[in-house]
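Residue numbers (my numbering): 2 to 470. For every residue, glycine included, the Cβ atom is placed at its ideal position computed from N, Cα and C. What you are looking at is a predicted structure, and each value in this text was computed from that prediction instead of being measured. First up is the structure itself, then whatever we jot down about it.
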């Protein structure tokens with residue numbers, strides 16, 4: 002994890018305040034404790050905080066191309082940078098380091114904005130091309146690495162990995178967004194491209210910004226370079242699909258294990274992180290490397306404690322396993338979490354996630370995790386329920402379904418104390434809705450009617466009819 006920052010003016014005569022840029026950059030010093038670097042030019046400034054993972058001696062940023070005309074600050078990892086570097090070397094590009102950051106610089110020289118199509122990995126970066134007077138800012142396809150930006154009243158643009166970077170600038174907007182509050186109370190977080198502040202944005206996943214000095218329009222229009230392609234599934238046997246899945250999963254884990262620092266994994270009691278640890282252990286064993294370092298967080302409430310299941314995986318793969326426990330004293334960390342997240346975030350896993358990161362940092366520099374596994378493999382219970390409800394919708398015409406289940410949803414009592422099969426009120430309510438409405442309802446922290454009860458007339462008027470639904 003590194004941190005990047007930037008300040009850009011459409012006017013080349015604008016003088017960058019170096020002290021202010023350093024203040025902005027150092028607001029995220031926790032993201033990069035190993036090193037820092039800056040580029041100051043005509044109307045542009047870039048900052049970087051580094052956590053060293055690859056090419057420890059040669060990875061200082063900003064990194065420049067061979068004639069110094071292109072500078073980059075980069076957060077992330079490019080998993081196919083060796084292949085790209087080999088291709089670029091064959092085209093005559095000289096490499097001074099083994100860093101994936103330098104690969105991106107030369108990729109920009111060769112392909113321009115199309116360089117993002119060649120990159121496989123997690124990334125957020127800012128490139129300044131002094132010859133073209135262009136600033137190029139990009140975020141990876143799934144938005145794993147964060148990037149925020151804001152067009153200021155003086156028509157300059159600030160960038161940062163975290164909101165707190167932008168907030169160091171005195172002109173950065175600090176008034177709350179009412180639409181973002183509505184979104185937060187619906188989803189439990191503020192979805193891209195909004196932030197909790199008006200006129201401050203997250204660069205969306207799979208998007209880039211391409212800004213040019215001398216452009217008098219002073220407009221910022223994110224460009225989408227990637228979207229999830231929907232394709233018909235190939236007609237393969239279950240066995241073939243299983244084999245392909247294992248092969249792809251092992252490859253995905255393997256390319257993420259490149260590091261010149263200690264590397265380990267989080268390990269919960271679930272299948273997701275267990276599968277990651279299994280793959281890592283097999284890869285290490287094949288390469289005759291040491292046992293995988295694993296870290297788990299338990300709870301002092303037995304119903305929530307999965308450390309016994311995590312230990313089964315750790316024992317099975319003979320990992321170097323470390324465990325700590327979350328208890329009531331850890332609630333003191335809430336203020337710390339508020340500072341780190343920068344905006345409202347209601348995921349109850351935030352506290353144990355912080356603790357497992359804290360534990361892992363005692364033993365490794367980089368850790369893999371099973372985040373995203375439930376979404377990729379439909380692991381949440383709601384997916385099965387939603388599919389079952391949809392089968393009912395498909396069989397009953399909407400003109401009949403909506404009034405019948407609408408009445409049942411209103412009349413049926415809310416039996417939270419009863420066995421699962423008797424708690425049908427929510428199911429009836431969902432069947433009266435469309436598929437998308439029902440899924441949103443199942444995901445919402447507060448329903449529309451509940452949110453409206455919280456809002457004052459003044460707040461409602463400021464929403465101006467906006468709804469997150």
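Item to check | Residues sharing a beta bridge with residue 159, DSSP | outcome: Residue mapping note: residue 159 aligns to position 158 of the chain shown, counting from 1. Answer is 8, 151, bridged to residue 159.
Next on the checklist: What does the Cβ neighbour count give for residue 379, buried or exposed, with the cut at 16 atoms within 10 Å?
Outcome noted: Numbered from its first residue, the chain shown carries residue 379 at position 378. Residue 379 should be labelled exposed.
Next on the checklist: Going by C-alpha to C-alpha distance, which of 57, 66, 155 sits closest to residue 174?
Outcome noted: What you label residue 174 is simply residue 173 of the chain shown in a count that begins at 1. Among 57, 66, 155, the Cα nearest to that of residue 174 belongs to 155.
Checklist entry - Got a sec? Which residues, its chain only, sit under 6 Å from residue 137 by beta carbon, not counting five neighbours each side? => result Locating residue 137 in the chain shown gives position 136, where the first residue counts as 1. Only 128, 211 meet the Cβ criterion.
Item to check | Cβ contact (3+ pairs, closer than 8 Å) linking the segment 263-281 and the segment 364-376 | outcome: Remark: three or more beta-carbon pairs, one from each stretch, lie closer than 8 Å, so the segment 263-281 and the segment 364-376 are flagged as touching.
Checklist entry - DSSP state of residue 140, grouped into three classes? => result In the chain shown, the residue the question calls residue 140 occupies position 139. Residue state, collapsed to three classes: strand.
Checklist entry - Any idea if residue 72 is buried or exposed, counting beta-carbon neighbours within 10 angstroms, 16 or more meaning buried? => result In the chain shown, the residue the question calls residue 72 occupies position 71. It counts as buried.
Checklist entry - Thinking C-alpha only, which one of 221, 143, 29, 18 is nearest residue 2? => result Position 1 of the chain shown, counted from the first residue, corresponds to residue 2. Of the candidates 221, 143, 29, 18, the one whose C-alpha sits nearest the C-alpha of residue 2 is 29.
Next on the checklist: Between the alpha carbons of residue 308 and residue 299, how many angstroms are there, rounded?
Outcome noted: Here residue 308 refers to the residue found at position 307 of the chain shown. Here residue 299 refers to the residue found at position 298 of the chain shown. In a straight line, the C-alpha of residue 308 is about 5 Å away from that of residue 299.
Checklist entry - What is the DSSP secondary structure of residue 321, counted as helix, strand or coil? => result For this step, residue 321 is matched to residue 320 along the chain shown. If DSSP states are grouped into helix, strand and coil, residue 321 belongs with the strands.
Checklist entry - Do you know whose CA, among 94, 25, 345, lies nearest residue 186's CA? => result For the purposes of this step, residue 186 is identified with residue 185 of the chain shown, where counting begins at 1. Nearest C-alpha to residue 186: 345.
Item to check | Start-end ranges of the beta strand (DSSP E) lying completely within the segment 148-232, minimum 3 residues | outcome: Correct list: 149-152, 157-161, 208-213.
Next on the checklist: Using C-beta distances below 7 Å, list every residue in its chain close to residue 365, excluding the 5 sequence neighbours before and after it, in chain order.
Outcome noted: One-based indexing of the chain shown puts residue 365 at position 364. Closer than 7 Å at Cβ, skipping near neighbours: 263, 264, 265, 294.
Checklist entry - What is the rounded straight-line gap between the Cα of residue 247 and the Cα of residue 319? => result Counting from one through the chain shown, the residue named residue 247 turns up at place 246. Counting from one through the chain shown, the residue named residue 319 turns up at place 318. Their Cα atoms are separated by approximately 21 Å.
Next on the checklist: With a threshold of 8 Å, are at least 3 pairs of Cβ atoms found where one atom belongs to the segment 163-182 and the other to the segment 319-333?
Outcome noted: no
Next on the checklist: Between 141, 103, 382, 100, which has its C-alpha nearest residue 118's C-alpha?
Outcome noted: One-based indexing of the chain shown puts residue 118 at position 117. Checking every option, the nearest Cα to that of residue 118 belongs to 141.
Checklist entry - Which value, in whole angstroms, describes the spacing of the CA atoms of residue 434 and residue 411? => result To locate residue 434, count along the chain shown from 1; it is residue 433. To locate residue 411, count along the chain shown from 1; it is residue 410. Distance between the alpha carbons of residue 434 and residue 411 is about 13 Å.
Item to check | Environment of residue 184 [buried if 16+ CB atoms lie within 10 Å] | outcome: As a position in the chain shown, residue 184 is number 183, starting the count at 1. With 16 or more Cβ atoms within 10 Å of its Cβ, residue 184 is classed as buried.
Next on the checklist: Count Cβ pairs between the segment 3-15 and the segment 155-169 that sit closer than 8 Å; are there 3 or more?
Outcome noted: yes
Checklist entry - What three-state label does DSSP hand residue 384 in the structure shown? => result Residue mapping note: residue 384 aligns to position 383 of the chain shown, counting from 1. Looking at residue 384 - three-state DSSP - the assignment turns out to be helix.
Checklist entry - Any idea what DSSP makes of residue 374, helix, strand or coil? => result Residue 374 sits at position 373 when you count from the first residue of the chain shown. Helix.
Next on the checklist: Based on DSSP bridge pairs, tell me the residues matched to residue 294.
Outcome noted: Stepping through the chain shown from its first residue, residue 294 is reached at position 293. Paired residue(s): 265, 321.
Checklist entry - For residue 203 versus residue 149, is the C-beta spacing smaller than 7 Å? => result Translated into positions along the chain shown, residue 203 becomes position 202. Translated into positions along the chain shown, residue 149 becomes position 148. Cβ distance < 7 Å, so residue 203 and residue 149 count as in contact.
Checklist entry - Roughly how many angstroms lie between the CA atoms of residue 256 and residue 221, to the nearest whole one? => result Residue mapping note: residue 256 aligns to position 255 of the chain shown, counting from 1. Residue mapping note: residue 221 aligns to position 220 of the chain shown, counting from 1. The straight-line gap from Cα to Cα measures roughly 34 Å.
Next on the checklist: Which residue wins for smallest C-alpha separation from residue 62, given the options 375, 90, 4, 24?
Outcome noted: Taking the first residue of the chain shown as 1, we reach residue 62 at position 61. It is 4.
Checklist entry - Looking only at DSSP bridge pairs, what is residue 123 linked to? => result Stepping through the chain shown from its first residue, residue 123 is reached at position 122. Beta-bridge pairing links residue 123 to 78.
Checklist entry - In its own chain, which residues sit with a C-beta less than 6 Å from the C-beta of residue 80, not counting the 5 before and 5 after it? => result Translated into positions along the chain shown, residue 80 becomes position 79. Here the set comprises 121, 122, 256.
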